[in-house]
Amino acid sequence: MMESNADSFNEQPVFAAELFPHRSLGRRGFKVLLALSGAVCLLYGTFFIATGAWPIGLFFGVDFLLLYGAFWLNYRSGKAREQVSVSRTDVSVRKFAPSGRMVEHHFNPFWTRFLVRRHQEIGILSMHIFGEGRRTDIGSFLNPDDRESFAKAFKGALATVKQRI
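In this text, residue positions in the sequence shown follow the UniProt record's numbering: the first is 1, and each later residue adds one.
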């Protein structure tokens with residue numbers, strides 16, 4: 001009975017984070033932007049079609065469709081996420097693609113290394129977890145401030161689990 005408690009203690013995450021890409025324009029702002037740009041394109045497109053310059057009017061329609069398509073792709077890529085957890089027996093990274101496909105990586109915390117590439121002016125350029133001949137990048141879609149805070153917290157979690165009790 002005592003061993004099962006120790007096993008469950010070792011499996012409890014010391015650190016867990018879910019990483020999402022930042023989107024500066026929310027759903028409501030997107031709808032407002034789309035409504036305003038649609039109204040402008042419709043107004044000017046109708047004007048140019050009515051004055052006989054119908055190709056220009058059609059280009060306003062194409063512009064609107066391209067704007068909508070660009071934002072659709074942007075929001076689709078925003079569905080990507082990563083779940084990172086660190087316990088005394090496992091470092092787990094689950095990566096979810098916008099399509100819903102999931103790839104999972106597991107590392108032994110005692111062999112895991114955390115590599116951070118920095119630029120003096122920009123800050124963290126990339127973060128990688130590697131160990132036992134395997135490697136994965138992490139948080140590539142985060143902004144610089146989020147990369148800094150994640151790197152600090154993740155390094156601390158790794159140091160905690162590597163300490164002997």
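A virtual CB, placed ideally from N, CA and C, is assigned to each residue, including glycine.
Here the structure is a predicted model, which means the values were calculated and not measured.
| request: Measure the Cβ-Cβ separation of Phe96 and Ile129 and say whether it is below 8 Å. | output: If you number the sequence shown from 1, residue 96 lands on position 96. If you number the sequence shown from 1, residue 129 lands on position 129. Inclusion of Phe96 and Ile129 in the CB contact set at 8 Å is not warranted, their separation being larger than that value.
| field | Collapsed DSSP secondary structure at Glu18 in the structure displayed | value | In the sequence shown, residue 18 corresponds to position 18, counting from 1. Looking at Glu18 - three-state DSSP - the assignment turns out to be strand.
| How is Glu121 classed by DSSP in three states: helix, strand or coil? | Position 121 of the sequence shown, counted from the start, is the residue given in the question as residue 121. Secondary structure at Glu121: coil, using DSSP grouped into helix, strand and coil.
| request: Find out if the Cβ-Cβ distance for the pair Leu125, Arg118 is shorter than 8 Å. | output: Residue 125 sits at position 125 when you count from the first residue of the sequence shown. Residue 118 sits at position 118 when you count from the first residue of the sequence shown. For Leu125 and Arg118, yes; Cβs fall inside 8 Å.
| said: Tell me which residues share the same chain as Trp111 and place their Cβ nearer than 8 Å to its Cβ, disregarding the 5 neighbours each side in the sequence. | reply: Indexing the sequence shown from 1 puts residue 111 at position 111. So the qualifying residues of the chain are Gly131, Glu132.
| said: Based on DSSP bridge pairs, tell me the residues matched to Thr136. | reply: In the sequence shown, counting from the first residue as 1, residue 136 sits at position 136. DSSP output for Thr136 lists Ile129 as bridge partner(s).
| request: Compute the Euclidean distance between the alpha carbons of Arg27 and Tyr44, then round it to the nearest angstrom. | output: Within the sequence shown, residue 27 is the residue found at index 27, counting from 1. Within the sequence shown, residue 44 is the residue found at index 44, counting from 1. Cα to Cα, the separation comes out at about 26 Å.
| task | Kindly indicate the opening and closing residues of the beta strand (DSSP E) around Ser37. | result | Along the sequence shown, read from residue 1 onward, the residue named residue 37 stands at position 37. From DSSP, Ser37 is part of no beta strand (DSSP E) but of the alpha helix (DSSP H) over 27-50.
| query | What residues are listed by DSSP as bridge partners for Val91? | reply | As a working mapping, residue 91 is identified with position 91 in the sequence shown. Val91 is bridged by DSSP to Val86, Phe107.
| query | Between the segment 36-56 and the segment 148-165, do three or more beta carbon pairs fall short of 8 Å? | reply | Three or more beta-carbon pairs separated by less than 8 Å are not found between the segment 36-56 and the segment 148-165, which leaves the two stretches without contact.
| field | Contact check, Pro98 vs Lys79, beta carbons under 8 Å | value | Along the sequence shown, one-based indexing puts residue 98 at 98. Along the sequence shown, one-based indexing puts residue 79 at 79. Closer than 8 Å, so yes.
| Excluding the five sequence neighbours on either side, which residues of its own chain have a C-beta within less than 6 Å of the C-beta of Thr17, listed in chain order? | For the purposes of this step, residue 17 is identified with residue 17 of the sequence shown, where counting begins at 1. The sequence given here has Ala at residue 17, not Thr. Once the five neighbours on either side are set aside, the close Cβ partners of Ala17 are Val84.
| task | Take the Cβ of Glu11 as the centre, count every other Cβ of all protein chains shown within 10 Å, and call the residue buried at 16 or more, exposed below. | result | One-based indexing of the sequence shown puts residue 11 at position 11. Exposed: under 16 other Cβ atoms inside 10 Å.
| Using a Cβ-Cβ cut-off of 7 Å (strictly less than) and excluding sequence neighbours within five positions of Phe20, which residues of its own chain qualify? | Taking the first residue of the sequence shown as position 1, residue 20 is located at position 20. Excluding residues within five positions, the ones whose Cβ falls inside 7 Å are Arg81.
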